[in-house]
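Asks: Have a look at the structure that comes next, please.
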Amino acid sequence: MLVLLDTLNTKERAVFLLKEAFDYEHDEIAKILEISVENSRQLLTRAKKKLKLRKPEITTSSAKDRKYLEKYVNAIRKGDVKTLEQMLSDEVQVLADAGNKLQAIAELTSGIENTIKLMTYVYENHQKDLEIKIEEINHQSALLFYRGTTLINCQIFELSPNGKITSIFSVVDPEKLMKI
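Right under this line is the structure:
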């Protein structure tokens, strides 16, 4: 849902949700949004194209991905900026979901330098004393941060075909973490 909200503009989001999630007809959507029926159809087509382009290729994480995340964790622990720079794609982005009850340090961060600053800050100030487990969530590599038996943070990683981190989706919303 975060990717959807981040990828589409306001009208595309509205049309997509009304049509795909709530099964509204285009004439109903047109009335609600005060647009033409044709505009509603065009916005839906555009939204689907954007989402298809954004959709990552789903592959199961491998032992190679696990080793890669181990390297990432070691670099974060050491504050090894050079290694992190090599591991992150130029367009890397971090998206945080804290839900309604918590405030995330940043909802969206992008670029290598900003991502390194954010992730090393979060580790030093919030995760340093937590147990870290490497797992697979929704067919993607993930880091799970535990305080005792309580899951505090789940970071899901999207890797490019050339092995660079393109996205980190960080979930800290306690209600969502209970479902993992």
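Each residue of the sequence shown is one higher than the one before, counting from 11 in our numbering.
Idealized CB from N, CA, C, for every residue including glycine.
Please read these numbers as outputs of a predicted model, since none were measured by experiment.
With DSSP as the reference, identify every bridge partner of residue 106, one or two as the case may be.
Replies: In DSSP, residue 106 forms a bridge with 180.
Asks: Could you tell me the distance, in whole angstroms, from the CA atom of residue 101 to the CA atom of residue 179?
Replies: If I take the Cα positions, the gap works out to 14 Å.
Asks: Would you mind sorting residue 165 into buried or exposed? The rule is 16 or more other CB atoms within 10 Å of its CB.
Replies: buried
Asks: Quick one: is residue 53 near chain B, going by C-beta distance under 8 Å?
Replies: Annotation note: the requested chain B is absent from the structure, which comprises a single protein chain.
Asks: Near residue 53, which residues of its chain fall below 6 Å by C-beta distance, leaving aside the five closest residues on each side in sequence?
Replies: 21, 22 and 25, listed in sequence order.
Asks: The ligand NAD and residue 149: does the residue's C-beta get closer than 7 Å to at least one heavy atom of that ligand?
Replies: The ligand NAD is not part of the structure shown, which contains no ligands of any sort.
Asks: The beta strand (DSSP E) with residue 192 in it runs from where to where?
Replies: The question about residue 192 has no answer here: the residues shown for the chain are numbered 11 through 190.
Asks: Checking the sheet assignment: what are the DSSP bridge partners for residue 119?
Replies: 104
Asks: Determine the direct distance from the alpha carbon of residue 169 to that of residue 146, and round the result to whole angstroms.
Replies: 13 Å
Asks: Is the CB-CB distance between residue 105 and residue 94 below 8 Å?
Replies: No, these two residues do not count as a Cβ contact at 8 Å.
Asks: Can you tell me which residues form a DSSP beta bridge with residue 150?
Replies: 147
Asks: According to DSSP, is residue 99 helix, strand or coil?
Replies: strand
Asks: Whose CA, out of 152, 56, 159 and 96, lies closest to the CA of residue 126?
Replies: 96
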